[in-house]
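Novice: Have a look at the structure that comes next, please.
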Amino acid sequence: MKAHILTLLLLCASLTSVAQTGDDLFREFKREPNATYMKIPPFVTTLGKIFMGDDPDAQMAKKVSSVRILDMDLCPAGVKRRFERRINALSRKGYETMAHINEDGERLRIYARAEDDVVRELLIARSEEGSCTLVQVKGKFERKDIDVLMDEQPT
3 MKAHILTLLL
13 LCASLTSVAQ
23 TGDDLFREFK
33 REPNATYMKI
43 PPFVTTLGKI
53 FMGDDPDAQM
63 AKKVSSVRIL
73 DMDLCPAGVK
83 RRFERRINAL
93 SRKGYETMAH
103 INEDGERLRI
113 YARAEDDVVR
123 ELLIARSEEG
133 SCTLVQVKGK
143 FERKDIDVLM
153 DEQPT
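Count the sequence shown with my numbering and you get residues 3 to 157, in order.
Now the structure itself:
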């Protein structure tokens with residue numbers, strides 16, 4: 003009986019530790035067959051900031067430290083379903099849902115992870131029949147920056 007309880011506790015602990023952050027999602031899915039992974043490291047974003055102007059979009063872009071993109075359009079259907087389940091669990095793992103749009107079979111979700119009043123990470127997940135993409139943007143954004151960016155989008 004003790005062995006069964008211990009096994010059940012270990013199983014529960016392992017289930018709650020699966021894909022808890024955006025980094026974990028990338029680690030889990032970037033090596034899947036036919037997944038395309040791209041990273042723009044901090045060094046490259048720093049070089050890009052040198053050539054930016056002072057308009058409001060450039061000011062927002064200057065706060066970005068790194069960007070990662072994971073495209074799983076060519077992955078098997080089972081991988082895409084597992085990805086979808088992991089994305090749905092993010093709001094329970096310390097991420098705040100900024101937007102959730104479901105239109106014409108396309109789902110777009112934007113999640114933010116903040117420390118105090120500073121947003122440190124944005125995750126943008128887009129999925130539709132046969133297509134899944136995840137974009138992670140890390141940086142130091144004020145909440146008002148994100149609100150302005152969301153308000154500028156057409157409805």
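Even glycine gets a Cβ: it sits at the ideal position worked out from N, Cα and C.
Under the rule that 16 or more other beta-carbon atoms within 10 Å means buried, what is Phe143, buried or exposed?
Specialist: buried
Novice: Just to check my reading of the structure: Phe28 and Leu72 have Cβ atoms closer than 8 Å, yes? What is that Cβ distance to the nearest angstrom?
Specialist: 6 Å between Cβ atoms; contact.
Novice: Go ahead and pull the three-state DSSP assignment for Ala37.
Specialist: coil
Novice: Out of Ile112, Phe85, Asp25 and Ile52, which has the shortest C-alpha to C-alpha gap to Ser133?
Specialist: Phe85
Novice: Counting beta carbon pairs with one atom in the segment 116-126 and one in the segment 138-153, are three or more of them shorter than 8 Å?
Specialist: yes
Novice: Can at least three beta-carbon pairs, one atom from the segment 56-73 and one from the segment 32-47, be found at a separation below 8 Å?
Specialist: Because the criterion of three Cβ pairs below 8 Å is met, the segment 56-73 and the segment 32-47 touch.
Novice: My guess is that Glu108 and Arg87 are in contact by the Cβ rule of under 8 Å, so how many angstroms apart are they, rounded?
Specialist: The Cβ separation is near 18 Å, so there is no contact.
Novice: Taking Cβ to Cβ, would you say Met152 is nearer than 9 Å to Ile126?
Specialist: no
Novice: Is Glu108 close to chain C? Criterion is C-beta to C-beta, closer than 9 Å.
Specialist: Given the protein chain composition of this structure (a single chain), no chain C is represented.
Novice: Measuring straight from C-alpha to C-alpha, what distance separates Ala60 and Phe45?
Specialist: 17 Å
Novice: To which residues of the same chain is Gln22 closer than 6 Å at the C-beta, ignoring the five residues directly before and after it?
Specialist: Lys95
Novice: Are the Cβ atoms of Met62 and Asp147 separated by less than 9 Å?
Specialist: Yes.
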